[in-house]
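In what follows, a single structure is set out as structure tokens and then discussed.
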Amino acid sequence: MEDFGIPEDEPFGDEADVFDLCDHCGRVLADEDVLGALVPDSSAFHATDPGLDGKRVLTACSVDHLAVLVEEYRQRPFVDEEQWAGKVCRALTDSDEPVPLSVVAELSGLSVRQAEQGVEWHNARAQEWRARYGDGDGDGE
Ligand SMILES: [Zn+2]
16 MEDFGIPEDE
26 PFGDEADVFD
36 LCDHCGRVLA
46 DEDVLGALVP
56 DSSAFHATDP
66 GLDGKRVLTA
76 CSVDHLAVLV
86 EEYRQRPFVD
96 EEQWAGKVCR
106 ALTDSDEPVP
116 LSVVAELSGL
126 SVRQAEQGVE
136 WHNARAQEWR
146 ARYGDGDGDG
156 E
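Take a look at the structure:
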């Protein structure tokens, strides 16, 4: 391979958005330098594949930085309710109408009880947010 760096004639070519950054120090990584690990993270949601929910891909520039990142995630509690809340939110993205909980559960692939707890978790977070930052949500209302 004679692939050293980016060709000068297209500095921001089609691949400009596929650069990986070290999640620890933010360094831009060349493909061959990328180290990755998959860690449990209850705030991670896959855009299309629910089977990959709750897992986050970490990228790092070195074994040391990868170890730091993995350790950080290992110490972060995995909150089931957060997972369920995220699944519920994703399931409801396209609906403008109120949806019965049983339908919410079906759409999000959860039991009714899980969907309910997810909604409660989400609402509790929203209340915390309002208590701390007021009613404004940044939309300029
Ligand atoms: Zn790094």
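In this note's numbering, the protein residues as written are 16 to 156.
Where a beta carbon is used, it is the ideal one built from N, C-alpha and C, also for glycine.
- Item | Assigned secondary structure, residue 109 (DSSP; H/G/I helix, E/B strand, else coil) | Residue state, collapsed to three classes: coil.
- Item | Where residue 116 falls, given that 16 or more other Cβ within 10 Å makes a residue buried | Exposed is the call here.
- Which value, in whole angstroms, describes the spacing of the CA atoms of residue 148 and residue 139? Taking the straight line from one Cα to the other gives about 14 angstroms.
- Give the straight-line distance between the Cα atoms of residue 105 and residue 83, rounded to the nearest whole angstrom. Residue 105 and residue 83 have their C-alpha atoms roughly 30 angstroms apart.
- Task: Report yes if the CB atom of residue 101 is closer than 8 angstroms to the CB atom of residue 72, and no otherwise.
- Result: Against a cut-off of 8 angstroms, the Cβ pair of residue 72 and residue 101 comes out as no contact.
- Query: What is the DSSP secondary structure of residue 89, counted as helix, strand or coil?
  - Reply: The three-state secondary structure of residue 89, taken from DSSP, is helix.
- Message: Bridge partners for residue 55 per DSSP, in chain order?
- Response: Its beta-bridge partners are 70.
- In three-state terms, what does DSSP make of residue 139? Helix at residue 139.
- Determine contact between the stretch 119-133 and the stretch 93-100, defined as no fewer than three beta-carbon pairs at a distance below 8 angstroms. When Cβ pairs closer than 8 angstroms are counted between the two stretches, the stretch 119-133 is seen to touch the stretch 93-100, the count reaching three or more.
- What is the rounded straight-line gap between the Cα of residue 46 and the Cα of residue 135? Taking the straight line joining both Cα atoms gives about 42 angstroms.
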